[in-house]
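Chemist:
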Amino acid sequence: MDTARRSTWPTQGISFGGDYNPEQWPEDVWRRDVELMHEAGVDFVTVGVFSWARLQPTASTWDFEWLDRVMDLMHQGDIRVDLATATASPPPWLATAYPQMRPVDERGYRYAIGSRQTWSPSSAVYREHSLALVEKMAHRYGEHPALAMWHVSNELGCHNALCYSDDSAHAFREWLSARYIDLETLNTAWGTDFWSQRYSDWDEIVPPSVSTTFGNPTHQLDWRRFCSDALLEQYRAEKAVLNRITPDVPVTTNFMVGMGQGPALAGNMDYASWAPEQDIVSTDHYLVGPETGDAAAHHKLSFSADLTRGVAGRRPWLLMEHSTSAVNWQHINRAKVPGEMMRNSLAHMARGADGIAYFQFRASKAGAEKFHSALVPHAGEDSARWREVVELGAALRRMAPVVGSTVDARVAVLFDWASQWACEQEGHPSMAMQPMEIARRAHYGFTSAGVTCDVVPSSTDLSGYDVVVVPALYLCSDETAARIADAAEAGAQVLVTAFSGIADEDDHVRLGGYPGAFRELLGVRVEEFFPLADGEALVLDDTTVGEIWSEYLTASEDVDVLARHTQGHLRGVPALTKRTVGTGAAWYAATVPDTAGWAALADKLCAAANIDSRRDLGSDVEIVRRSAGEQSWLFVLNHGTDKVSVPASGTDLVSGAQIDGELILAAGASAVIAEAR
Amino acid sequence: MDTARRSTWPTQGISFGGDYNPEQWPEDVWRRDVELMHEAGVDFVTVGVFSWARLQPTASTWDFEWLDRVMDLMHQGDIRVDLATATASPPPWLATAYPQMRPVDERGYRYAIGSRQTWSPSSAVYREHSLALVEKMAHRYGEHPALAMWHVSNELGCHNALCYSDDSAHAFREWLSARYIDLETLNTAWGTDFWSQRYSDWDEIVPPSVSTTFGNPTHQLDWRRFCSDALLEQYRAEKAVLNRITPDVPVTTNFMVGMGQGPALAGNMDYASWAPEQDIVSTDHYLVGPETGDAAAHHKLSFSADLTRGVAGRRPWLLMEHSTSAVNWQHINRAKVPGEMMRNSLAHMARGADGIAYFQFRASKAGAEKFHSALVPHAGEDSARWREVVELGAALRRMAPVVGSTVDARVAVLFDWASQWACEQEGHPSMAMQPMEIARRAHYGFTSAGVTCDVVPSSTDLSGYDVVVVPALYLCSDETAARIADAAEAGAQVLVTAFSGIADEDDHVRLGGYPGAFRELLGVRVEEFFPLADGEALVLDDTTVGEIWSEYLTASEDVDVLARHTQGHLRGVPALTKRTVGTGAAWYAATVPDTAGWAALADKLCAAANIDSRRDLGSDVEIVRRSAGEQSWLFVLNHGTDKVSVPASGTDLVSGAQIDGELILAAGASAVIAEAR
Amino acid sequence: MDTARRSTWPTQGISFGGDYNPEQWPEDVWRRDVELMHEAGVDFVTVGVFSWARLQPTASTWDFEWLDRVMDLMHQGDIRVDLATATASPPPWLATAYPQMRPVDERGYRYAIGSRQTWSPSSAVYREHSLALVEKMAHRYGEHPALAMWHVSNELGCHNALCYSDDSAHAFREWLSARYIDLETLNTAWGTDFWSQRYSDWDEIVPPSVSTTFGNPTHQLDWRRFCSDALLEQYRAEKAVLNRITPDVPVTTNFMVGMGQGPALAGNMDYASWAPEQDIVSTDHYLVGPETGDAAAHHKLSFSADLTRGVAGRRPWLLMEHSTSAVNWQHINRAKVPGEMMRNSLAHMARGADGIAYFQFRASKAGAEKFHSALVPHAGEDSARWREVVELGAALRRMAPVVGSTVDARVAVLFDWASQWACEQEGHPSMAMQPMEIARRAHYGFTSAGVTCDVVPSSTDLSGYDVVVVPALYLCSDETAARIADAAEAGAQVLVTAFSGIADEDDHVRLGGYPGAFRELLGVRVEEFFPLADGEALVLDDTTVGEIWSEYLTASEDVDVLARHTQGHLRGVPALTKRTVGTGAAWYAATVPDTAGWAALADKLCAAANIDSRRDLGSDVEIVRRSAGEQSWLFVLNHGTDKVSVPASGTDLVSGAQIDGELILAAGASAVIAEAR
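Protein chains in written order, with this note's numbering: chain Z, 227 to 903; chain U, 227 to 903; chain C, 227 to 903.
Written as structure tokens, this is what we have:
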């Protein structure tokens with residue numbers, strides 16, 4: 227167990243609780259809430275996220291007394307508080323007095339107040355007022371016995387990340403000036419000789435607001451990098467105040483790992499750069515859509531959890547928010563069926579979460595999220611939902627020993643925000659080629675056979691892995707390419723997929739044949755891409771079905787061609803190759819396999835790396851092992867509609883049953899086996 | 227017959243005619259028009275709707291002479307004039323001189339001139355200039371013998387209802403101040419403690435322009451209420467001028483009942499609050515889309531007509547505009563096949579219209595609506611369309627005795643604009659749960675069996691009804707809930723559907739279990755909603771197929787469970803219940819039945835209420851009866867492609883035939899039987 | 227051969243090359259480029275298109291030395307230069323110093339810099355600075371021996387055509403004032419009496435920015451006319467400078483004929499009015515989408531090429547840009563399979579192109595179009611793509627004798643931009659009725675049987691044609707209608723399709739029955755349109771399947787009814803008619819036939835006109851003949867997946883083979899037979 231970590235962790239066992247917003251309720255409800263928290267074993271609450279307007283009702287007045295009473299009540303109830311800096315949502319008076327602090331969209335429209343996060347990341351006015359609030363909070367509650375952790379702002383980057391205001395333009399220029407030092411370097415990096423975009427003065431540079439047609443790709447990529455950094459600056463500024471006044475209190479902000487959607491698939495924040503600044507990495511996760519099959523929401527959950535562990539450097543992390551049931555912000559908000567809440571929560575825990583929290587404790591009766599589920603639903607505590615919450619709380623208490631254990635994975639799947647952002651731009655061979663989507667498919671190829679993957683930033687040390695997957699790592703530095711090659715040389719099975727290593731960090735194509743950064747490692751050379759149409763598929767001679775992508779490839783003599791195209795102008799062209807490199811191997815997939823194809827490929831890689839996989843259990847069973855020294859815990863989640871049998875021995879911390887060799891798990895049920903080793 | 231009403235009605239028999247825009251044509255065409263009006267029996271025209279730019283060519287010049295000649299010509303031709311105040315579309319010079327009078331969209335864009343209705347409902351400049359015009363009109367034509375009625379503006383709310391200008395913001399604050407008196411009350415009503423939205427000053431409040439994400443639901447709901455009221459103010463202001471100068475001339479404005487589309491399904495005006503201010507309720511109706519089957523345009527027509535009668539307090543109303551054939555504003559504008567125009571017109575009449583008018587008399591040869599059909603088409607009077615118009619006019623003259631009769635319905639379907647507006651907001655469990663859509667399905671369940679429904683505002687006195695349907699009445703006041711309960715107690719079969727009574731008028735969820743306002747009446751308690759995915763369906767154990775919605779429900783012991791779920795986690799859970807209440811009963815449907823399910827449910831309710839239904843005739847036959855004392859008229863419209871047989875006796879006013887027990891009606895044909903009683 | 231033309235043509239044989247942007251590369255690459263150009267036979271390059279920021283790095287500094295070296299290098303390499311005026315894309319400093327020069331969208335948003343063409347067509351500032359640059363270019367390079375032609379701007383109208391700035395509004399009013407002279411004439415032409423839009427002062431008129439609902443149709447149509455003319459003014463201004471300084475150097479600008487998409491199907495420029503101002507008509511063409519079958523991209527290519535020849539007055543033209551393989555600006559960018567590049571290039575040549583050029587010579591490694599294909603791909607010259615380029619270059623050199631020959635077509639298909647623009651407006655009977663789409667279907671009816679069509683502006687002299695097709699020529703002047711009637715009278719088979727001749731040039735409907743302009747010629751009268759729903763189809767009694775459209779039509783006694791409706795209310799109504807007129811005939815199609823229907827109709831017309839067609843070869847074989855005096859060349863392109871046999875004799879300039887009666891052409895292959903006559 228990691229002792230250093232425990233000194234910062236807010237509770238002793240698995241933290242269990244959620245956002246608590248007492249300002250929405252009369253005080254007699256507060257007292258009932260504490261009783262209910264005890265009933266469910268809730269020992270961890272986040273308070274104050276949306277309290278600014280209550281704490282500072284006008285520019286010159288402050289009101290902390292109600293929060294004092296909340297904090298005291300929590301302390302009396304032995305409930306640890308993750309106290310928000312309350313800066314997430316400025317009060318109406320502030321944005322009314324200073325309209326320039328509101329964010330501006332890509333067509334110059336300045337967002338109205340009336341929602342949340344209506345502040346520009348680079349607004350000096352907002353910065354000043356928010357830090358004044360943080361200072362007040364730190365002084366008033368820094369010594370409060372209920373205080374366990376600071377919660378800076380909330381879901382930074384969710385709504386205001388891309389602001390095109392004059393303040394943002396100014397900050398963007400400063401960021402660029404720090405990155406490039408001189409303008410000629412920027413002109414070269416951005417390739418401004420194309421389309422006559424050469425800048426003659428820093429002041430000519432503006433955010434990439436809507437122009438007549440496509441913008442400059444590197445301009446846009448740097449903009450995404452800047453936008454992440456601009457919000458990170460706000461985080462750092464708040465943290466600096468907190469560290470100055472309360473140096474011993476840990477600080478976090480809740481990420482939204484893997485929660486991007488649509489055109490911003492991976493979100494706006496490069497969490498790989500944010501994670502090192504967190505005392506504890508925490509994140510929010512919500513299920514999206516009623517999707518089923520390979521795109522099922524719980525697969526995305528697992529991917530997100532594994533990526534969270536990856537950005538957290540494989541240390542335990544805290545699930546700051548998820549939902550007991552439906553959310554409110556989709557077109558149709560599916561509710562969770564019995565057992566599903568526990569499976570979701572335990573899936574996060576299986577993949578490294580040592581704290582399980584929700585938005586929010588008590589469902590609001592008014593406001594924008596009143597139909598978001600909660601621990602205490604609108605129906606009150608006489609409800610199946612609340613009884614499931616109480617049941618989960620009891621199970622989590624039995625799992626306290628799991629705290630601090632690690633998730634051991636021998637497979638790494640690489641993911642980088644910069645590559646993703648570059649591929650979200652228009653102008654690529656196929657907009658269907660999205661790194662996060664390819665990484666998800668790769669991840670599922672392994673996890674559907676019970677093989678756990680770390681999803682890691684490409685800057686990660688790869689020396690410990692037996693399999694390394696490089697899925698559409700479009701942008702790739704020389705350093706990263708070398709580290710990946712080194713991993714193969716040192717014995718790993720390295721699989722590179724199509725559209726990896728195409729460009730350098732400035733989004734300049736590596737010439738001479740794709741994939742420039744990996745041509746030598748893989749022993750292949752691609753002359754031209756042949757993206758497939760929507761719905762189009764191809765078949766290789768090993769029966770692999772490919773989607774989205776094909777390409778014209780030649781392979782060196784020292785390359786084993788594992789599969790070739792069977793159709794059209796590519797008939798006979800290699801599509802899946804393997805080259806022995808040092809004590810490892812470098813594999814290449816020149817298309818995007820479908821689910822069965824990825825399963826077969828994952829199995830081949832596992833076989834080559836001597837990794838046991840359990841494809842026989844079927845993809846509805848999720849299996850992950852956490853361990854700490856001699857101890858280990860096997861998480862088994864049955865997402866299917868039939869009971870399953872899984873080899874296991876030990877004590878099931880969910881049911882309390884002793885398992886001797888065979889775990890029979892009912893449809894929808896969960897088990898956490900404290901294994902006898 | 228309602229004598230008071232007749233004193234205000236513009237013509238003696240069924241008013242027949244349409245919008246007449248002579249300014250588009252040379253004067254020799256005017257004279258030909260009068261001849262044609264006589265040929266068709268047109269006795270009612272609306273003049274001047276778009277004449278402002280002709281009447282006041284510049285800020286300082288007026289030209290009424292051409293309109294004098296039109297009015298005189300109408301008078302000489304014995305054609306009654308519904309004279310517009312001409313304020314609907316301000317002339318270019320006005321909006322050029324005062325740009326601030328143009329409406330502003332939700333992103334601050336100020337609409338350009340070049341179309342129509344380019345004025346902000348709250349613009350002081352527009353108000354002043356429009357009232358000056360009304361004053362001129364009233365003085366000049368108030369005594370004109372052709373004048374039958376004033377037509378204030380035109381289709382108020384069609385394009386400019388939601389204006390986010392500074393003028394509108396100011397008026398919104400005044401409206402809020404009148405509603406809430408003090409700011410604390412507003413903060414409570416809006417639930418501003420959520421997301422730190424608490425207002426400290428009235429001036430911080432703005433219209434709900436686009437913000438970073440979801441807005442405050444009550445803010446948005448009040449905005450919709452205000453926008454309806456703001457245009458009602460314009461109506462009242464024009465009416466006040468007219469009433470002052472011409473106290474004896476009736477005043478109306480043409481509604482667009484049931485013509486909302488897409489995200490604004492029910493339109494922007496709360497016609498329940500507008501109707502009491504009309505001397506005669508009039509409305510426009512157009513068929514939308516080439517939809518077929520249960521969504522057929524003529525079903526929506528019937529719903530709209532029944533709702534118009536509902537807001538008109540069951541008094542006869544006037545169909546101010548519909549079309550002889552195609553409109554011009556859809557992607558593909560289907561034209562009406564032979565017989566369809568007559569069926570549409572008679573469907574309105576069957577459901578309470580005592581006047582049948584069209585846009586417009588003569589098809590324009592230029593301008594935005596030149597491809598909108600008319601009584602006189604581009605082809606001229608030598609055309610099948612014109613001959614159908616003449617035929618319809620003759621039939622309508624034979625139906626003069628129907629005037630003033632009533633439509634007797636024993637079934638009430640409740641509809642409220644506020645509930646609809648609330649459900650058009652994002653953030654609900656399922657955006658597919660739209661009150662107007664549920665009301666339409668309910669309505670069709672009855673009308674498809676020849677059972678006529680009043681579609682009424684929820685404020686309506688329900689004491690006369692044998693069946694009361696409460697379809698997704700999401701917002702519900704205590705008073706309305708009590709009135710509905712009283713109806714059951716007094717003997718009515720009351721059917722409440724899912725998502726009714728969820729919130730109070732401030733959109734605060736009623737806690738303790740859904741549906742809060744009806745839990746006691748129904749004897750059921752819903753713990754959690756489980757909305758269905760798009761295209762998903764469920765089956766109950768009585769074979770009812772449900773769509774859109776399911777929920778976890780428990781029923782009291784005094785409740786009869788009529789049907790239960792058969793699948794998944796809800797297997798065995800009640801979905802259709804009935805509780806005896808007083809001399810009536812309270813039914814609950816916990817899902818949205820499909821067409822067959824609604825038919826079965828409507829039949830059950832009719833059976834319980836001893837209402838005869840004619841399911842055997844098939845859904846293509848539309849049957850409605852109007853009556854006045856001893857007299858009655860049976861409207862039979864055959865929308866199908868086969869002839870039908872309907873029991874009837876009397877004189878068919880369409881064909882002139884005597885019917886003795888059996889009416890054989892050809893495919894597409896219409897009959898209006900003056901029944902022998 | 228046209229001697230006059232040759233004096234202006236940039237090269238001796240078929241010009242072969244493309245855009246060359248050396249500023250993106252170090253100078254050692256330039257020297258390698260010249261070697262590669264020689265290897266491929268490239269003799270024609272366009273230089274300087276996006277060089278403004280390089281040539282004028284700041285307002286007060288100029289740098290031509292690098293371009294001097296490029297020009298010298300080209301001259302030394304015997305490569306002819308089409309030198310751009312470099313005005314297409316202004317440098318950042320200019321649009322930063324003068325924000326008012328940037329274009330404004332229809333909601334008042336002023337486009338940011340960061341892309342290309344960020345200038346308003348009517349900006350005085352842009353005009354002044356661009357002409358200063360042109361003057362510099364003309365003086366510096368007017369005498370340079372490499373200079374073959376001036377290339378004004380680039381793809382004028384592609385991104386900035388519709389600008390709603392104040393400058394544009396001012397220019398629009400001037401244009402209107404010149405067109406209408408007095409305001410009353412404008413009010414009449416625009417039909418401003420509808421919707422109270424009558425203007426009392428020129429200054430009230432603005433561009434048709436977004437208003438509350440539909441705008442005025444004639445206002446919008448004149449706006450499209452003005453926007454084309456506004457950019458033509460920029461072209462003329464640049465050309466005037468060039469002609470003054472270098473009177474002997476030919477001038478062109480590259481059109482984008484047939485490259486419009488979506489709502490602007492035919493693009494924004496009326497090339498019929500632009501073509502007379504070109505010394506050589508040049509155009510760009512790119513394949514759009516992965517469409518197959520009748521909508522196959524190569525059919526659209528052929529249509530576009532035939533339309534280019536039509537606007538060029540049937541003189542040879544120059545294909546300034548197309549692509550060797552994929553483009554970069556679609557969602558998914560399909561690459562060209564082996565043989566496809568040659569087929570595409572030869573299809574253009576078959577249809578009149580005497581120059582074959584590409585964007586661009588060397589694929590960029592950075593910037594917005596780095597994934598656009600090029601002659602030298604990212605993979606370099608060791609690539610199949612480059613080898614195909616070299617092969618094509620060699621084939622083109624063998625085809626030098628084709629230069630100056632003509633394409634002889636006996637069929638004319640009419641197309642007009644004004645009709646197209648009118649039909650792109652909302653408010654029509656069916657938005658699916660698009661003239662360019664109907665023209666494409668008609669064109670394909672003939673070309674799929676090897677019958678070549680000229681696609682010509684309706685102002686074209688029709689006296690030489692045996693078949694004239696008038697496809698949905700919605701707007702039609704009296705003069706055009708008379709010329710079409712004269713063609714029939716003089717012996718042509720004239721086919722008019724539905725929705726032709728409906729309105730005059732002011733978009734006023736011709737009354738008395740459709741199609742007003744052709745009623746007498748055709749002997750038919752349409753009373754009402756009955757557009758079909760999406761996906762709906764009808765069947766005539768000659769088995770023709772019709773889509774999109776039907777109508778109620780009566781025919782005179784002297785008309786032969788060739789086919790009648792078989793269904794619904796139109797059963798028995800004529801749908802395809804023919805009337806003998808003079809020595810020709812006037813046919814009418816009252817629906818839009820599907821592909822088979824068009825084929826049958828084209829065959830009937832060819833039979834009536836004694837034109838040989840080759841329907842037997844199948845639609846995958848494209849056949850076109852060019853001729854010059856006694857010589858002729860038969861272009862045969864096999865787009866299919868099977869080999870084909872085509873009757874031919876002569877020398878195949880592609881393969882070098884002698885063909886004696888039967889050409890066997892492999893799947894995907896091309897042949898150009900120098901025919902022995």
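For glycine and all other residues, C-beta sits at the position ideal for the given N, C-alpha and C.
1) Which residues in chain Z sit within 8 Å of Y436 (chain U), going by Cβ to Cβ distance?
2) Got a sec: is the Cβ-Cβ distance from R535 (chain U) to anything in chain Z below 7 Å?
3) Of all the residues that make up the region 599-612 of chain Z, which are near chain D by a beta-carbon distance shorter than 7 Å?
4) Of the residues that make up the region 760-774 of chain Z, which ones have a beta carbon closer than 9 Å to any beta carbon in chain C?
5) Between the Cα of S348 (chain Z) and the Cα atoms of Z:S530, Z:A364 and Z:V330, which residue gives the shortest distance?
6) Check whether the Cβ of E430 (chain C) lies closer than 7 Å to any Cβ atom in chain U.
7) Around the C-beta of N480 (chain C), are 16 or more other C-beta atoms found within 10 angstroms, so that it is buried, or is it exposed?
8) When burial is assigned at 16 or more other CB atoms within 10 Å of the CB, is L737 (chain U) buried or exposed?
9) Quick one: using the 10 Å Cβ neighbour count with 16 as the cut-off for buried, is M407 (chain U) buried or exposed?
10) Indicate whether R569 (chain U) and L863 (chain U) have their beta-carbon atoms separated by less than 7 Å.
11) Around the C-beta of V637 (chain Z), are 16 or more other C-beta atoms found within 10 angstroms, so that it is buried, or is it exposed?
12) State yes or no: is the beta carbon of D288 (chain Z) nearer than 7 Å to at least one beta carbon in chain U?
13) May I have the straight-line CA-CA distance separating T803 (chain U) from F672 (chain U), to the nearest angstrom?
14) Can you pull the chain C residues whose beta carbon is under 9 Å from the beta carbon of W555 (chain U), in chain order?
15) If contact means a Cβ-Cβ distance below 9 Å, which residues of the region 574-594 of chain Z contact chain U?
Modeler: On the basis of the data shown:
1) Walking along the second sequence from the start, residue 436 (chain U) turns up at place 210. According to the sequence as given, residue 436 (chain U) is Val; it is not Tyr. Simply Y335, Y337 and A338.
2) Position 309 of the second sequence, counted from the start, is the residue given in the question as residue 535 (chain U). The C-beta of R535 (chain U) comes no closer than 7 Å to any C-beta of chain Z.
3) Of the protein chains in the structure, Z, U and C, none is chain D.
4) Within the region 760-774 of chain Z, the qualifying residues are D760, E762 and I774.
5) On the first sequence, residue 348 (chain Z) is found 122 positions in, with the first residue counted as 1. Cα-wise, what sits closest to S348 (chain Z) is Z:V330.
6) Numbered from its first residue, the third sequence carries residue 430 (chain C) at position 204. It does; some Cβ of chain U falls within 7 Å.
7) Counted from its first residue, the third sequence places residue 480 (chain C) at position 254. By the neighbour-count rule (16 or more Cβ atoms within 10 Å), N480 (chain C) is buried.
8) In the second sequence, residue 737 (chain U) corresponds to position 511, counting from 1. Exposed is the call here.
9) On the second sequence, position 181 is the one that residue 407 (chain U) refers to. Per the sequence shown, the amino acid found at residue 407 (chain U) is Ile instead of Met. Note on I407 (chain U): under 16 other CB atoms within 10 angstroms of its CB, so exposed under the neighbour-count rule.
10) Counting from one through the second sequence, the residue named residue 569 (chain U) turns up at place 343. Counting from one through the second sequence, the residue named residue 863 (chain U) turns up at place 637. A distance below 7 Å separates the beta carbons of R569 (chain U) and L863 (chain U).
11) Taking the first residue of the first sequence as 1, we reach residue 637 (chain Z) at position 411. Counting Cβ neighbours within 10 Å, V637 (chain Z) comes out buried, since at least 16 surround it.
12) As a first step, residue 288 (chain Z) is located in the first sequence; it is residue number 62 there, counting from the start. It is Trp, not Asp, that sits at residue 288 (chain Z) in the sequence shown. Chain U places no beta carbon closer than 7 Å to that of W288 (chain Z), leaving this residue out of the contacts.
13) Mapped onto the second sequence, residue 803 (chain U) falls at position 577. Mapped onto the second sequence, residue 672 (chain U) falls at position 446. Their Cα atoms are separated by approximately 19 Å.
14) To locate residue 555 (chain U), count along the second sequence from 1; it is residue 329. Listed by position along chain C, the residues whose Cβ is nearer than 9 Å to that of W555 (chain U) are T439, F440, E652 and G653.
15) Within the region 574-594 of chain Z, contact with chain U at the beta-carbon level (separation under 9 Å) is assigned to A589, S590, K591, A592, G593 and A594.
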